[in-house]
Each structure stands twice: as C-alpha cells, then as structure tokens.
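Everything below concerns the one structure shown next.
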Amino acid sequence: MLKELQKRFDSASLKYCELHGLERDPDWVMLKLQEEIGELTQVWNTKTGRGRDKGLSQHELQQALSDEVADALGMLLVFAHQHDLDLTISIARKWRFDPSDLTTPAST
Numbered sequence: 000m001l002k003e004l005q006k007r008f009d010s011a012s013l014k015y016c017e018l019h020g021l022e023r024d025p026d027w028v029m030l031k032l033q034e035e036i037g038e039l040t041q042v043w044n045t046k047t048g049r050g051r052d053k054g055l056s057q058h059e060l061q062q063a064l065s066d067e068v069a070d071a072l073g074m075l076l077v078f079a080h081q082h083d084l085d086l087t088i089s090i091a092r093k094w095r096f097d098p099s100d101l102t103t104p105a106s107t
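Read in order, the letters of the sequence shown are residues 0 to 107 in numbering that gives the first Met the number 0.
Here it is as structure tokens:
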C-alpha cells in the first residue's frame with residue numbers, strides 16, 4: 000500500500016515539476032519537504048493564535064491545516080520513493096504495527 004502511494008505521489012510531483020519547468024533533484028525534494036513543513040507550521044501558528052488569522056474562519060484554518068499535512072505527507076512519500084525506502088518495514092519496526100494490515104482495528 001505505501002509503495003503504491005509513494006509511486007503515485009512521485010508521479011504527481013514529476014508532473015508538477017514538468018508543468019512549472021522545475022528540475023527535480025534530491026535537493027529540490029528535501030527543500031520542498033522543508034517548505035511544506037514550514038507552511039504547516041505557519042498554519043498551526045495561526046490556528047493556535049500565534050499568528051495573524053488573515054480573516055480566515057476556524058473552518059478555513061482547519062481545512063488549511065489538513066491541506067498542509069497532505070502536502071507534507073506527500074513530499075515525505077516522494078522522498079521515500081526517491082530513496083527506495085520501505086516504509087512498511089520501518090513502520091513495523093519503529094511503530095510496532097503492520098500498516099498493510101487494515102483488518103486489525105487500531106487500539107486506543
């Protein structure tokens with residue numbers, strides 16, 4: 000599942016770079032990941048009262064937060080794909096669950 004997501008995000012990233020005439024090398028991917036984390040931080044600061052709200056409602060800020068998490072996650076998956084990382088194995092080792100097993104409910 001994660002390998003397929005990595006491929007899909009990588010393909011979308013390549014299309015984005017082609018569309019905008021950008022050279023996508025490993026440094027660009029790392030810098031783009033940092034940019035997305037920065038944008039996520041900016042929205043978080045706004046949502047938690049540490050930044051200007053720019054007239055955005057709480058609903059709009061919630062949507063912006065979700066969008067920035069999606070961007071950061073996407074760039075993490077592009078990075079993983081670019082470096083041929085097996086996230087399923089790493090998640091099982093580090094987080095102690097199998098992300099490919101969607102039949103076992105998450106414990107709370």
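Beta carbons are placed, not taken as given, at the ideal position from N, Cα and C, and that holds for glycine.
Remember, predicted model here, so these are calculated numbers, not experimental data.
- Note on geometry: alpha-carbon atoms of G50 and D100 lie some 40 angstroms from one another.
- L21 counts as exposed, since fewer than 16 other C-beta atoms from the protein chains shown sit within 10 angstroms of its C-beta.
- If you check the CB distance, E35 and D70 come in under 8 angstroms.
- Residue burial annotation: F96 is exposed, with fewer than 16 other C-beta atoms found within 10 angstroms of its C-beta.
- Taken through DSSP and simplified to helix, strand or coil, G73 comes out as helix.
- By the Cβ test, the segment 23–31 is not in contact with the segment 50–66, since fewer than three Cβ pairs between them sit closer than 8 angstroms.
- Under the three-state reduction of DSSP output, G37 falls in the helix class.
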